[in-house]
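Read the structure below first, then the notes.
Residue numbers (this note's numbering): 206 to 503.
Structure representation (structure tokens):
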């Protein structure tokens with residue numbers, strides 16, 4: 206219960222570093238230490254930013270186990286690889302997975318199938334029933350091609366206290382506000398888009414699962430802490446510092462952009478796995494320029 210209560214504030218969706226097509230575990234250890242020392246409140250392993258879909262089941266287990274060992278209880282660890290459009294298979298995986306050291310799972314809405322709202326509801330209720338740990342609903346229509354409407358998120362939140370939060374990455378502030386207005390007390394709303402985190406917290410959100418916090422955990426987590434404390438002037442200072450960086454992290458896709466930034470600050474290689482490819486030289490130079498202008502290069 207203690208870890209569950211601490212699941213708010215700045216979460217970081219860790220990248221999975223690669224070198225010569227293999228997982229670079231020393232770089233992953235550097236990244237974990239970098240983000241924890243930078244003040245993040247929890248870590249999400251093997252989400253979209255972690256390229257879980259291009260890793261084998263064995264690699265995913267190795268990365269998650271390594272992350273739990275390296276974190277060593279300092280912050281909660283969320284497993285982000287429990288999204289699927291095959292509900293029965295996902296339920297069976299949840300019943301057999303080893304969740305030692307895992308505070309919660311993050312589960313994206315079924316992709317490609319484009320289910321109805323009733324289908325999304327039934328899918329998540331099956332996940333909640335099978336999961337031995339709290340569930341974070343992940344709404345990311347840009348990737349799944351279907352939106353979890355506010356009414357469905359609220360229906361889920363009111364149906365089971367197994368649902369801890371929603372990572373709202375729809376980009377629709379009005380939708381997020383609708384959830385915040387009518388959610389039950391136990392349920393949190395988190396930003397799923399870094400540039401919208403400050404306004405979402407101002408509207409009542411309690412956290413974020415961030416991409417940029419891989420490279421710049423200290424300024425981003427400082428922004429979140431000030432925003433949650435109602436210190437909006439201080440929060441805006443940190444938000445403005447990072448504002449021009451955000452767009453270049455996505456020009457060539459995620460996590461290609463953030464891996465480029467991590468290479469610039471000496472944490473890991475910019476290497477990705479196909480079908481993702483590293484930043485183009487042009488984007489790399491543009492990203493380098495805005496990071497340098499912000500004074501965030503080593």
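C-beta atoms are modelled at their ideal positions from N, C-alpha and C, and glycine is treated no differently.
> So residue 216 packs on residue 412, CB below 8 Å; how close in whole Å?
Replying inline: 6 Å
> Should the region 214 to 231 be called in touch with the region 254 to 261, which here means at least 3 C-beta pairs below 8 Å?
Replying inline: yes
> Based on the DSSP output, what are the partners of residue 311 in its beta bridges?
Replying inline: Paired residues: 341.
>> Restricting to Cα atoms, I'd like to know which of 477, 306, 300, 319 is closest to residue 227.
In response: 477
> So, are the CB atoms of residue 326 and residue 342 less than 8 Å apart?
Replying inline: no
>> I'd like to check one pair, residue 352 with residue 375: are the Cβ atoms closer than 8 Å?
In response: yes
> Do you know offhand how far residue 333's Cα is from residue 498's?
Replying inline: For residue 333 and residue 498, the distance between alpha carbons rounds to 45 Å.
>> Could you check whether residue 417 and residue 450 sit closer than 8 Å to each other, using their CB atoms as the reference points?
In response: yes
> Looking at the structure shown, is residue 283 part of a helix, part of a strand, or coil, going by DSSP?
Replying inline: strand
>> If contact is defined by three or more beta carbon pairs under 8 Å, each pair taking one atom from either stretch, is the region 274 to 291 in contact with the region 309 to 316?
In response: yes
>> Between the region 458 to 466 and the region 236 to 246, can you find at least three pairs of beta-carbon atoms closer than 8 Å?
In response: no
> Do residue 339 and residue 378 have their CB atoms nearer than 8 Å?
Replying inline: no
> With respect to the alpha helix (DSSP H) encompassing residue 359, which residues constitute its N-terminal and C-terminal limits?
Replying inline: Start and end: 355 to 364.
> When DSSP labels each residue in this structure, what does residue 501 get in the three-state scheme?
Replying inline: It is coil, neither helix nor strand.
>> Runs of 3 residues minimum, wholly inside the region 225 to 253: which ones carry the beta strand (DSSP E) assignment?
In response: 247 to 250
>> Please state the DSSP three-state secondary structure of residue 479.
In response: coil
> Got a sec? Which residues, its chain only, sit under 7 Å from residue 331 by beta carbon, not counting five neighbours each side?
Replying inline: 292, 296
>> Tell me which residues share the same chain as residue 380 and place their Cβ nearer than 6 Å to its Cβ, disregarding the 5 neighbours each side in the sequence.
In response: 355
>> Taking DSSP's pairing of strands, which residues face residue 414 in a bridge?
In response: 216
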